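Okay, so here's the structure we're looking at.
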Amino acid sequence: MSAEENTQTAKDGYAAFGRGDVPAILELLTDDIEWINPGPPDVIPGAGTHHGKEAVGAFFATLSQELDFSTFEPREFIAQGDHVVALIYSESTVKRTGRKLTDHEAHLWTFKDGKVAHFEVFQDTAAVVAAYS
């Protein structure tokens, strides 16, 4: 797949996230997807490395239970070969603490045969920990 096609797949994934369509997101993934969300799992629910579609589905269930997003904007896409980096701006509230979180993230998408084989989030984990604490 071309860099442009991979970028469109990433955009499709974000569109599915925006409408809460987790099954559509899972269809974009390889069966053995490696999904990495940084931070200490004992503080940030869903943090860690998740393997396989079922684990990623559980990650999204946890995300939905823990965060209320008011803004989630993929603002820029940078693509080369099998890699797409998306620069994200989001605003959310941690439901159990009521704390607001403004976040600038980079998401790395790695494709294999047109599907997402690896997804990794880069963010200010200290700010996320503070919002959960």
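For the sequence shown, position 80 matches number 135 in my numbering, and the numbering has no gaps at all. We put the CB at the ideal spot given by N, CA and C, even for glycine. Please read these numbers as outputs of a predicted model, since none were measured by experiment.
According to DSSP, is residue i part of a helix, a strand, or is it coil?
| i | result |
| --- | --- |
| residue 180 | helix |
| residue 165 | strand |
| residue 158 | strand |
Just the Cα atoms here: how many angstroms apart are residue i and residue j?
| i | j | result |
| --- | --- | --- |
| residue 56 | residue 80 | 18 angstroms |
| residue 85 | residue 96 | 24 angstroms |
| residue 133 | residue 139 | 6 angstroms |
| residue 175 | residue 88 | 11 angstroms |
| residue 166 | residue 115 | 20 angstroms |
| residue 65 | residue 164 | 7 angstroms |
| residue 169 | residue 83 | 8 angstroms |
| residue 68 | residue 77 | 9 angstroms |
| residue 131 | residue 75 | 21 angstroms |
| residue 143 | residue 59 | 18 angstroms |
If residue i sits next to residue j, beta carbons under 8 angstroms apart, how far is it from one beta carbon to the other, in whole angstroms?
| i | j | result |
| --- | --- | --- |
| residue 125 | residue 109 | Not confirmed; about 29 angstroms, so no contact. |
| residue 207 | residue 93 | This structure gives no information on residue 207, because the portion of the chain shown stretches from 56 to 188. |
| residue 128 | residue 150 | At roughly 21 angstroms, the Cβ-Cβ gap does not stay under 8 angstroms, so residue 128 and residue 150 are not in contact. |
| residue 91 | residue 187 | Contact flag wrong, Cβ pair sits at about 18 angstroms. |
| residue 141 | residue 162 | 4 angstroms |
**Asked** Can you list, in chain order, the stretches of the beta strand (DSSP E) that have 3 or more residues and sit fully within the stretch 79-149?
**Response** Correct list: 84-92, 103-106, 122-135, 138-149.
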